[in-house]
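Per the working numbering, the sequence shown starts with residue 1000, numbered consecutively.
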Amino acid sequence: MNMKQLISAAVLFLSFLLLTPQLQAKEFYTFIVTDLEGLEQVQREFGPFRDLLEHKTGLKIKFYPVTSRTAAVEAIRAKKADFILTGPAEYVVMRTLTDCSPVIGFSRPDYYSAVIVRSDSGYNTITDLKGKKVAMSGIGSTSGHLGPSQVIKDNGLDPLKDIQVIHTDKEIAWESLKKGDVDAWGYNAGKILRIRDKDTSVRPGDFKTIARGPDLPNDVLVAAPYVDKGVVAKVVKAMSENSDALIAQILKGDDNQKYKGMRFLATIKDKDYNYVRDMYRTIGQDKFASFVGN
């Protein structure tokens, strides 16, 4: 190889080195919110947050709307989803099916399950509810079904055998408890208080809590297994250093008021969700490989 050929080869090699990172760099990263359907709703609730996160990370982020939790899993498998914001019950299944990793937690103040009864019911402990009707949310709800089921299990009864679970929505559950059509209601404690306080036909003292669980694991932003660790670190850094501003953008969404008073948790680990795995076992789902309910 003469000098001219050697120089040409060197220039070609250097050009390849310079172009390779550009070829490898992703044009944009996709973002899924599992409990919102349709691009318009996702944009309305998380658009301001996405815009600021783009500015702070230098990454281009596009929403990828899905119609179900299963669709989110399929998007990861097809390498169409990079970051997913989901609930604790959904995360456990997604982890099993896709090996996604927790990136940062979205804490929810007063996020725990409780079991309440009428104050004059004569029920004082969970064991008093053996054979009784207990209202809960739809199958699979973290704070309205899995959480109350675990509270009942932890306090001495088997929710699959010892009580009659009535799955219904919160409005019907509340009215049923007031009328005595159900004996107890297991639900998100914070939401119970808000419903009670809005109802002028009752007094707070008309009801009492007979058991509550620990604060539930947080909603979590996860990364698909193929997302570059450097990109993940950039997102964590931006969210940690600009938490107040980013949270303010989240709270612009009407459906995001559940996050009022929240903070980002950058130290979140998979083991933090073992309590959710206990919940699944309690309802007879010990493989964590499929979503329960709708």
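In this text, a Cβ means the ideal position worked out from N, Cα and C, and glycines have one as well. Model, not experiment: these values are computed from the prediction.
Looking at V1235, Y1110 and V1150, the one whose alpha-carbon comes closest to that of L1128 is V1150.
The beta strand (DSSP E) runs lying completely inside the segment 1122 to 1162 and spanning 3 residues or more are 1132 to 1135, given in chain order. C1099 and E1170 have their C-alpha atoms roughly 35 Å apart. Every alpha helix (DSSP H) stretch that sits fully inside the segment 1183 to 1270 and reaches 4 residues is listed by chain position as 1188 to 1197, 1228 to 1240 and 1242 to 1249. When C-beta atoms of the segment 1064 to 1078 are compared with those of the segment 1263 to 1272, fewer than three pairs fall below 8 Å, so the two segments do not count as touching. Beta-bridge pairing by DSSP links R1094 to no other residue. With distances taken between CA atoms, Y1272 lies nearest to L1215 out of L1215, N1241 and R1202. Our two residues, G1292 and I1209, have alpha carbons roughly 27 Å apart in a direct line.
L1220 is positioned such that its CB atom lies closer than 9 Å to that of I1103. Annotation note: the segment 1059 to 1115 contains the following uninterrupted alpha helix (DSSP H) runs of length 4 or greater, listed N- to C-terminal: 1068 to 1076 and 1087 to 1097. In the DSSP assignment, I1282 falls outside any beta strand (DSSP E), carrying neither H nor E. Membership of F1048 in the alpha helix (DSSP H) is indicated by the continuous run L1038 to T1056.
Assigned with DSSP and collapsed to three states, V1181 falls in coil, not helix or strand.
If you draw a 10 Å sphere on the C-beta of L1038, you find fewer than 16 other C-beta atoms in it, and that means exposed.
Rounded to whole angstroms, L1035 and T1056 show a C-alpha spacing of 24 Å.
When the Cα atoms are used, R1262 and R1107 turn out to be separated by approximately 8 Å. Residue nearest to D1253 within the set Q1042, D1119, D1180 and L1156 is Q1042 (criterion: CA-CA distance).
Check the Cα spacing between H1144 and each of D1205, K1190 and M1278: the tightest is with M1278. Counting other Cβ atoms within 10 Å of its Cβ, L1159 stays below 16 and is therefore classed as exposed.
Annotated as distal: Y1122 and D1205, with beta-carbon spacing of 9 Å or more. Taking one beta carbon from each stretch, the segment 1047 to 1056 and the segment 1085 to 1092 have fewer than 3 pairs nearer than 8 Å; the two do not touch. Cβ-Cβ distances below 7 Å link K1152 to P1158 and T1281 in the same chain, with the five nearest sequence neighbours on each side left out; the list follows chain order.
By the Cβ neighbour-count rule, G1137 is exposed, with fewer than 16 other Cβ atoms within 10 Å of its own. In the structure shown, V1291 adopts coil according to DSSP, grouped into three states. Taking the Cα positions, I1249 is about 19 Å away from P1101.
A contact between stretches requires three or more CB pairs, one per stretch, nearer than 8 Å, and the segment 1186 to 1202 fails this requirement with the segment 1239 to 1246.
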